[in-house]
Amino acid sequence: MDQRIREHAETLVDWSARIESGDDVVVSVAEGAHDLAVAVAEALGERGANVVTTYASDEVSRAYLRAHAGEFDEAPGHELALYENADAVLFLGGGRNTFATADVDGETRQAAARARQPIKEARMETDWVSTVHPTRSLAQQAGMSYEAYREFAYGAILRDWESLAEEMAQLKSVLDDGSEVRLVSADTDLTMSIEGRTAVNSAASVAYDSHNLPSGEVFTAPYDTEGEVVFDVPMTISGARVRDVWLRFEAGRVVDFSAAAGEDTLSDLLDTDEGARRLGELGIGMNRGIDRITDNILFDEKMGDTVHLAFGRAYDACLPDGESGNDSAVHVDLITDVSEDSRLEIDGEVVQRNGRFRWEDGFESAD
239 MDQRIREHAE TLVDWSARIE SGDDVVVSVA EGAHDLAVAV AEALGERGAN
289 VVTTYASDEV SRAYLRAHAG EFDEAPGHEL ALYENADAVL FLGGGRNTFA
339 TADVDGETRQ AAARARQPIK EARMETDWVS TVHPTRSLAQ QAGMSYEAYR
389 EFAYGAILRD WESLAEEMAQ LKSVLDDGSE VRLVSADTDL TMSIEGRTAV
439 NSAASVAYDS HNLPSGEVFT APYDTEGEVV FDVPMTISGA RVRDVWLRFE
489 AGRVVDFSAA AGEDTLSDLL DTDEGARRLG ELGIGMNRGI DRITDNILFD
539 EKMGDTVHLA FGRAYDACLP DGESGNDSAV HVDLITDVSE DSRLEIDGEV
589 VQRNGRFRWE DGFESAD
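Numbering (the numbering used here), first residue to last: 239 to 605.
Encoded structure:
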């Protein structure tokens with residue numbers, strides 16, 4: 239076994255999920271992630287955790303959803319009980335075909351997502367972490383050789399996370415003290431309120447309220463969104479290619495939208511429920527170990543020189559105690575490149591211009 243797989247597993251178990259002896263852990267294993275699952279199981283065994291392994295396959299999901307009549311039982315008890323009794327859930331991504339569910343109709347997707355919302359809520363109450371094992375299908379999706387993609391993936395995953403956390407703390411502090419964010423570029427002018435919200439220093443560990451490995455972003459939960467935004471980074475969402483998305487917000491809600499590709503998919507997602515037309519996340523990528531777009535949101539949204547917004551569910555870690563944020567069965571990220579002709583303002587002060595933060599070399603303080 240490649241030693242980096244074991245390092246990946248150890249980082250996931252120790253730094254990211256902080257697993258301790260006696261913890262009840264669910265490990266969700268995607269197709270192609272077998273080697274990582276073996277290394278994770280070994281690490282969990284060494285730490286004395288209790289493990290249940292589940293199989294996550296997009297092709298299996300496709301077969302089920304296409305065969306189903308569309309009337310889904312809400313939160314089947316046997317699955318709900320698994321997550322309600324888990325301390326941690328580790329998602330090991332991979333896959334054989336990144337477009338496996340492309341021919342599942344939108345209504346079926348929406349119905350399944352709504353019915354499974356309590357299960358999703360139960361999973362998110364655990365110390366859950368998502369990661370990905372480099373596979374040939376992901377390499378193909380990224381337009382890279384398998385060998386090059388593997389080097390890229392481990393370069394993003396096996397980071398000095400403590401040092402990156404210290405750097406990202408500077409942006410967290412600015413967002414925590416801020417009231418309004420404005421994102422401006424050639425085709426974008428969007429304002430969002432962040433008053434009273436807490437930013438998450440997403441340093442790939444549940445100790446930072448961070449649940450992705452790799453990570454490397456600072457995010458918060460905006461509201462009262464106004465204006466227009468264009469997302470120019472192509473993505474695969476629900477098995478469909480989505481490109482050049484435009485959204486217009488009024489009174490915090492998407493009131494108009496378009497896309498050069500995947501507009502039907504976007505429409506289906508926005509119609510999932512009332513919360514799907516409101517923002518749940520503003521995220522700012524800071525992982526410069528991710529140096530290219532790979533069509534995998536786990537990597538792409540963390541890339542330096544990018545900002546992403548998610549419509550749908552807001553994360554509780556960003557909300558004051560006792561306050562409910564935007565609620566939805568979906569959380570869908572869209573990414574925009576901010577490396578040129580753009581600026582990010584917080585309370586009128588430019589914090590990032592053309593991808594550079596004000597504390598970085600190369601930051602231009604004025605136009």
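For glycine and all other residues, C-beta sits at the position ideal for the given N, C-alpha and C.
Assuming residue i is part of the beta strand (DSSP E), what are its boundary residues?
i	result
residue 243	Segment 241-248 is the alpha helix (DSSP H) holding residue 243; no beta strand (DSSP E) there.
residue 396	Residue 396 -> no beta strand (DSSP E), and no H or E assigned at all.
residue 457	455-458
residue 465	461-469
residue 316	Where residue 316 is concerned, there is no enclosing beta strand (DSSP E), although the alpha helix (DSSP H) it sits in stretches over 315-322.
residue 475	473-475
residue 597	That residue, residue 597, is in no beta strand (DSSP E); it is neither H nor E in DSSP.
Can the beta-carbon of residue i be found less than 8 angstroms from the beta-carbon of residue j?
i	j	result
residue 437	residue 453	no
residue 320	residue 264	yes
residue 386	residue 510	no
residue 380	residue 533	yes
residue 518	residue 489	no
residue 551	residue 566	yes
residue 308	residue 349	yes
residue 462	residue 431	yes
residue 406	residue 541	no
What are the boundary residues of the alpha helix (DSSP H) that includes residue i?
i	result
residue 399	399-415
residue 582	Counting along the chain, residue 582 falls outside any alpha helix (DSSP H), though it belongs to the beta strand (DSSP E) covering 581-584.
residue 283	272-284
residue 361	355-362
residue 251	Note, residue 251: premise wrong, no alpha helix (DSSP H); not H, not E.
residue 377	374-380
To the nearest whole angstrom, what separates the beta carbons of residue i and residue j, a pair I think is in contact under 8 angstroms?
i	j	result
residue 330	residue 371	6 angstroms
residue 516	residue 564	5 angstroms
residue 574	residue 474	No, residue 574 and residue 474 are not in contact; Cβ-Cβ is about 17 angstroms, not under 8 angstroms.
residue 296	residue 247	Actually they are not in contact, since the Cβ atoms of residue 296 and residue 247 sit about 23 angstroms apart, beyond 8 angstroms.
residue 495	residue 394	Residue 495 to residue 394, Cβ: 31 angstroms. No contact.
residue 543	residue 505	The pair is not a contact, with the Cβ atoms about 29 angstroms apart (cut-off 8 angstroms).
residue 366	residue 306	So it is not a contact: roughly 26 angstroms between Cβ atoms.
residue 584	residue 467	Not quite, the Cβ-Cβ distance comes to about 17 angstroms (not below 8 angstroms), so this is no contact.
From the options, pick the residue whose C-alpha is nearest to that of residue i; which is it?
i	options	result
residue 422	248, 241, 579, 252	579
residue 287	385, 312, 259	259
residue 545	240, 458, 309	458
residue 388	440, 541, 241, 589	241
residue 446	299, 468, 554	554
residue 498	504, 482, 508	482
residue 527	416, 455, 257, 512	455
residue 493	252, 599, 450, 512	512
residue 399	571, 254, 598	254
residue 340	469, 301, 311, 435	301
residue 368	403, 326, 375, 347	326
residue 268	332, 250, 315	332
residue 274	303, 239, 304	239
residue 500	487, 520, 476, 522	476
residue 243	374, 391, 298, 354	391
Specify the secondary structure class of residue i as computed by DSSP and reduced to three states.
i	result
residue 524	coil
residue 568	coil
residue 310	coil
residue 344	helix
residue 451	strand
residue 436	coil
residue 509	coil
residue 503	helix
residue 423	strand
residue 431	strand
residue 302	helix
residue 329	strand
residue 352	helix
residue 553	coil
residue 535	helix
residue 296	helix
residue 338	coil
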